[in-house]
Amino acid sequence: MKLDKLTKKELLDLAAAKKVAGRSKMSKDELIKALEPFFAEPAPAKDAEELQTRKAEQNVGYTYQEATGQPAKIKRDEYPIPPYYDKDTIAFMPVDPSKEYVYWEISDYTLNQFKSELKLSESRIVLKIFSSIDNYTTEAASVSVEKMGNWYFNIYAPDTILWSEIGLIDSNGGFHPILKSNKVLMPSDKVSDIVDQETWMTIGGNLDKLYELSGVGLKDLNSSVTINTEIAKHISQHMGSSGVLKDK
Numbered sequence: 631m632k633l634d635k636l637t638k639k640e641l642l643d644l645a646a647a648k649k650v651a652g653r654s655k656m657s658k659d660e661l662i663k664a665l666e667p668f669f670a671e672p673a674p675a676k677d678a679e680e681l682q683t684r685k686a687e688q689n690v691g692y693t694y695q696e697a698t699g700q701p702a703k704i705k706r707d708e709y710p711i712p713p714y715y716d717k718d719t720i721a722f723m724p725v726d727p728s729k730e731y732v733y734w735e736i737s738d739y740t741l742n743q744f745k746s747e748l749k750l751s752e753s754r755i756v757l758k759i760f761s762s763i764d765n766y767t768t769e770a771a772s773v774s775v776e777k778m779g780n781w782y783f784n785i786y787a788p789d790t791i792l793w794s795e796i797g798l799i800d801s802n803g804g805f806h807p808i809l810k811s812n813k814v815l816m817p818s819d820k821v822s823d824i825v826d827q828e829t830w831m832t833i834g835g836n837l838d839k840l841y842e843l844s845g846v847g848l849k850d851l852n853s854s855v856t857i858n859t860e861i862a863k864h865i866s867q868h869m870g871s872s873g874v875l876k877d878k
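Using this note's numbering, you'd call the opening residue of the sequence shown number 631 and step up by one each time.
This is the structure in structure tokens:
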């Protein structure tokens, strides 16, 4: 409301409605000044946003936002898994008696160093699997690979020592190993020959004693039918009519 556009009489009426003290002695300008607080316009949206921002800055570290009561969004740093580590490593792991898993990585430094020392202008990387039986080493598998990766092999070798090696093949077919994995004894494909010392209870040897305790002699029984009949009769005599029929 634009108070300056009103007459003094209209201002006096408003002052009376708002119960402004001393209004009758006020000039028009004084009446306008006294009535302004009652007709002040709300703060612009921009000012409200600035006020909310100042409140948020004062409450940094609180878990809940004061205005909404909802959990504040937490900014989390992301740590993506790198595609490679540039670290020399190779590992051999058995899956079962007929499957093996190998993963590896050759660093750029190591690869370049080997190529330089061996003076190999042309070469390729090869992953090999070796086995050892009675101290006799044989090559079980071979595959061309990159300087980093993983591979599943299907080599049936229960109770056999296996390991993997990765290296360079020169132009003459010679193999120059760079990394060698751990040696692993493959799992067996049969039941273990180790017998534990546990004693398992059987009732075969105690069957005679069970019949004697039941009150029936084995010498007087000629068949399984007779055995069952005599046992039922003996039990019925001791239990009476409580669920077992007597033989008439």
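All C-beta atoms in this analysis are idealised placements derived from N, C-alpha and C, irrespective of residue type, glycine included.
As the structure is a computational prediction, the values presented were derived from the model and not from experiment.
Between S774 and F722, the C-beta spacing is not below 8 Å. Here the region 793-807 makes contact with the region 729-749; the two share three or more CB pairs at distances below 8 Å. Around N812, the same chain offers A721, F722 and W793 as residues with beta carbons nearer than 8 Å, after the five sequence neighbours per side are excluded.
Of V650, R653, A770 and S654, the smallest CA-CA separation from N784 is found for A770.
By the beta-carbon neighbour count (other beta carbons within 10 angstroms, threshold 16), F668 is exposed. DSSP places L750 outside both helix and strand once states are collapsed to three, so it counts as coil. Per the DSSP secondary-structure output, I791 pairs in a beta bridge with S762 and L815.
The beta carbon of P817 sits closer than 7 Å to the beta carbons of P724, D726, P727 and P788 from its chain, once the five residues preceding and following it are set aside; these are given in chain order. Between K649 and the set V825, L815, A664 and P712, the nearest pair of CA atoms involves A664. Residue environment analysis places V825 among the exposed positions, since fewer than 16 neighbouring C-beta atoms fall within 10 angstroms of its C-beta. S801 and K758 have their C-alpha atoms some 17 Å from each other. Nearest in C-alpha terms to I736, of all of K729, V756, L748 and E730, is V756.
In this structure, the straight-line span from the alpha carbon of P710 to that of I763 is close to 44 Å. Rounded to the nearest whole angstrom, the CA to CA distance from K777 to A702 is 46 Å.
About 23 Å separates the Cβ atoms of K729 and Y766, ruling out a contact at the 8 Å cut-off.
Taking C-beta atoms as the reference points, L642 and I662 fail to come closer than 8 Å.
Counting the other CB atoms within 10 Å of its CB gives G652 a total below 16, which places it among the exposed residues.
Excluding its 5 nearest sequence neighbours in each direction, L633 has C-beta neighbours in its own chain below 6 Å: I662 and L665, listed in chain order.
Where D643 is concerned, the enclosing alpha helix (DSSP H) starts and stops at K638 to A647.
With a cutoff of 8 Å on beta-carbon distance, I796 and S753 are scored as not near each other. Within 10 angstroms of the beta-carbon of A646 lie fewer than 16 other beta-carbons, which makes it exposed.
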